[in-house]
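**Student:**
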Ligand code: GRF
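Residue numbers (the working numbering): 279 to 507.
So, in structure tokens, the structure goes:
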């Protein structure tokens, strides 16, 4: 079986990264989690990588200054080449991926977002801000989106989505945790599908699935207090 070598990019706690570790431990399903790229030294995801024996690279320069971007691109390019990376998964990565990396890995970078894009996405829409906006606007349904990455935040072609109902008395924390639970199911599924050649980005910029994706007992809507793993 051909193995897809995956780099996960993360800035935070890394629970989505953990879901990938749990699903693909030992190189199952043709996926090898080859390295973690952390945007900061304090990212909790780093401990998860160490515990799983996955190499870690920390982006050295956190500057958003335009003139610093080439150095960051060079660092990422070197890291990705050294680990022979086929697929990049952004799982709570709070930095914009430099344009040269987006170009080199076109159709091979995905991101997970905790809402149904194109709603509640874009610059500044991350973490609890997303869920707070959903509640503030009175949206009745939110959810999870996995999309290919282009040069802008949360904009590329959508691979998969799954809804999460907003409850009458929802809180940011409650909603975030129900959405996260769904993220932990959708992201590994999409990575497995990409590795297995079941989905890809067509040359016309549209996502193609070989088989219908919405399947499986795993993907029941998550309601409060039930359907927990
Ligand atoms: C997730 O909600 C993900 O959708 C978003 O950032 C969060 C990361 O959470 N992009 P974690 O670090 O994987 O726990």
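Just so it is clear, CB atoms sit at the ideal spot from N, CA and C, and this is done for glycine as well. Note that the structure is a prediction, hence the values are computed from the model and not measured.
Using a Cβ-based criterion (distance less than 7 Å to any ligand heavy atom), does residue 293 qualify as near the ligand GRF?
**Tutor:** As a working mapping, residue 293 is identified with position 15 in the chain shown. At least one heavy atom of the ligand GRF is nearer than 7 Å to the Cβ of residue 293, so yes.
**Student:** What is the residue span of the alpha helix (DSSP H) that residue 381 lies within?
**Tutor:** Translated into the one-based positions of the chain shown, residue 381 becomes position 103. Run containing residue 381: 377–382, per the alpha helix (DSSP H) assignment.
**Student:** Please name the residue or residues paired with residue 316 in a DSSP beta bridge.
**Tutor:** To locate residue 316, count along the chain shown from 1; it is residue 38. The partner list for residue 316 (beta bridge, DSSP) reads 288, 336.
**Student:** Expressed to the nearest angstrom, what Euclidean distance is found between the alpha-carbon atoms of residue 507 and residue 454?
**Tutor:** Along the chain shown, read from residue 1 onward, the residue named residue 507 stands at position 229. Along the chain shown, read from residue 1 onward, the residue named residue 454 stands at position 176. Caution is warranted here: a pLDDT of 49 is assigned to residue 507, below 50, making its placement in the model unreliable, and no coordinate value can be reported.
**Student:** Mind listing, in chain order, the continuous beta strand (DSSP E) runs of no fewer than 3 residues lying wholly within the region 397–474?
**Tutor:** Qualifying beta strand (DSSP E) stretches, in chain order: 419–426, 436–443.
**Student:** What would DSSP say about residue 486, mapped onto helix, strand or coil?
**Tutor:** In the chain shown, the residue the question calls residue 486 occupies position 208. If DSSP states are grouped into helix, strand and coil, residue 486 belongs with the strands.
**Student:** Could you name the residues of the same chain whose beta carbon sits closer than 6 Å to that of residue 377, not counting the 5 residues immediately before and after it, in chain order?
**Tutor:** For the purposes of this step, residue 377 is taken as residue 99 along the chain shown, with counting starting at 1. For residue 377, where only same-chain residues beyond five positions count, the Cβ hits under 6 Å are 429.
**Student:** Under the three-state reduction of DSSP, which class applies to residue 283: helix, strand or coil?
**Tutor:** As a first step, residue 283 must be located in the chain shown, where it is residue number 5. DSSP places residue 283 in the strand class (E or B) of the three-state scheme.
**Student:** If residue 310 sits next to residue 281, beta carbons under 8 Å apart, how far is it from one beta carbon to the other, in whole angstroms?
**Tutor:** Taking the chain shown and counting its residues from 1, the one referred to as residue 310 is at position 32. Taking the chain shown and counting its residues from 1, the one referred to as residue 281 is at position 3. Correct: roughly 5 Å between the Cβ atoms.
**Student:** How far does the beta strand (DSSP E) with residue 479 in it extend, from its first residue to its last?
**Tutor:** Translated into the one-based positions of the chain shown, residue 479 becomes position 201. For residue 479, the uninterrupted beta strand (DSSP E) run begins and ends at 477–479, by DSSP.
**Student:** If I measure Cβ to Cβ from residue 405 and keep anything under 6 Å in the same chain, skipping five residues before and after, which residues do I get?
**Tutor:** Reading the chain shown from its first residue, position 127 is the one you call residue 405. Within the same chain, residue 405 has no close Cβ partners at all.
**Student:** What's the gap between the Cα of residue 401 and the Cα of residue 314?
**Tutor:** On the chain shown, residue 401 is found 123 positions in, with the first residue counted as 1. On the chain shown, residue 314 is found 36 positions in, with the first residue counted as 1. In a straight line, the C-alpha of residue 401 is about 23 Å away from that of residue 314.
**Student:** Can you tell me whether residue 467 is buried or exposed, with buried defined as 16 or more other CB within 10 angstroms of its CB?
**Tutor:** Within the chain shown, residue 467 is the residue found at index 189, counting from 1. So residue 467 counts as buried.
**Student:** Tell me which same chain residues have a C-beta within less than 7 Å of the C-beta of residue 464, skipping the five on either side of it?
**Tutor:** Counted from its first residue, the chain shown places residue 464 at position 186. If we look at residue 464 and ignore the five residues flanking it on each side, its Cβ neighbours are 422, 424, 438, 440.
**Student:** Evaluate residue 396 with the Cβ neighbour count: other Cβ atoms within 10 Å of its Cβ, from every protein chain shown; 16 or more gives buried, anything less gives exposed.
**Tutor:** Here the question's residue 396 lines up with position 118 in the chain shown. Exposed, because fewer than 16 other Cβ atoms sit within 10 Å of the Cβ of residue 396.
**Student:** Going by DSSP, what residues sit across from residue 294 in a beta bridge?
**Tutor:** Indexing the chain shown from 1 puts residue 294 at position 16. Looking at the DSSP assignment, residue 294 forms no beta bridge with any residue, so it has no partner.
**Student:** If you drop the 5 nearest sequence neighbours on each side, which residues of the same chain put their C-beta closer than 7 Å to that of residue 476?
**Tutor:** Locating residue 476 in the chain shown gives position 198, where the first residue counts as 1. Excluding positions up to five away in sequence, the list reads 487, 488, 489.
**Student:** Name the two residues that bound the continuous beta strand (DSSP E) containing residue 388.
**Tutor:** As a working mapping, residue 388 is identified with position 110 in the chain shown. Taken as a continuous stretch (DSSP letters only), the beta strand (DSSP E) holding residue 388 covers 387–391.
**Student:** Would you check if there are 3 or more beta carbon pairs closer than 8 Å linking the region 291–298 to the region 317–337?
**Tutor:** By the Cβ test, the region 291–298 is in contact with the region 317–337, since at least three Cβ pairs between them sit closer than 8 Å.
**Student:** Check the Cβ-Cβ distances between residue 465 and every residue of chain D, and say whether any is below 8 Å.
**Tutor:** Protein chains in the displayed structure number just one, and chain D is not present.
**Student:** Excluding the 5 residues preceding and the 5 following residue 431 in the sequence, name in chain order all residues of the same chain whose CB lies nearer than 6 Å to its CB.
**Tutor:** Working through the chain shown from its first residue, we reach residue 431 at position 153. Around residue 431: 400, 401.
**Student:** Within 10 angstroms of its Cβ, does residue 394 collect 16 or more other Cβ (buried), or is it exposed?
**Tutor:** Indexing the chain shown from 1 puts residue 394 at position 116. Residue 394 comes out buried.
**Student:** So, for residue 448: in the same chain, excluding its five sequence neighbours on each side, which residues have a beta-carbon less than 7 Å away from its beta-carbon?
**Tutor:** Within the chain shown, residue 448 is the residue found at index 170, counting from 1. 413.
**Student:** Rounded to the nearest angstrom, how far is the Cβ of residue 369 from that of residue 286, given a contact under 8 Å?
**Tutor:** Mapped onto the chain shown, residue 369 falls at position 91. Mapped onto the chain shown, residue 286 falls at position 8. At roughly 5 Å, the Cβ-Cβ gap stays under 8 Å, so residue 369 and residue 286 are in contact.
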